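Counted the way our numbering counts, the sequence shown spans residues -19 to 90.
Before any comments, here is the structure.
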Amino acid sequence: MKKTLTTALVGTALLAATSAFAADAKENWDQLCAKCHAADGSGSTKMGKKLKVLDYTDAAVQAKFTDEHLAKVTLEGSTKDGKELMKGFKDDLTPTDVTALVAYIRQMKK
Ligand code: HEC
């Protein structure tokens, strides 16, 4: 009986932690990233099209990147020929936020 209760409590706590995590990532994404990458990650915004961001709903696009690469660009941004394509967000995000955002990007693929 006691064991069952403990298991149930741990289960609930984990579930709560997981959804809080997801909500934070979505919030950060919508506030900081969706302008270019679109809410669904497809990059189909005006800015996204102009900057030619990739479609993260495409599994083939996702397969090109490692989690490390995704985290690195999120933190440090990306430049091409000395021009900034995307600013880094290391001043806005904690390492936990970045990990959550990478997981959030990963679940965008259809
Ligand atoms: C000003 C528009 C803009 C915003 C805002 C923006 N990005 Fe980007 N992002 C880009 C562009 C453009 C690229 C492609 C850079 C390249 O080709 O090297 C990119 C690339 C990336 C990449 C690397 C993978 C790839 O497609 O090359 C990741 C990961 C990423 N962005 C995540 C994020 C996250 C997370 C946020 C919010 C915290 C964010 N971006 C906000 C424009 C933006």
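Every residue gets a Cβ at the ideal spot worked out from N, C-alpha and C, and that includes glycine.
These figures come from a predicted structure and were not determined experimentally.
Judged by DSSP in its simplified three-state form, Thr37 adopts coil rather than helix or strand. Leu65 sits in a strand when the DSSP states are folded into three classes. DSSP places Lys15 in no beta strand (DSSP E) but in the uninterrupted alpha helix (DSSP H) bounded by 14 to 17. Thr59 carries a strand assignment under DSSP once its states are collapsed to helix, strand and coil.
For the pair Val82 and Ala51, the CB atoms are nearer than the 7 Å cut-off.
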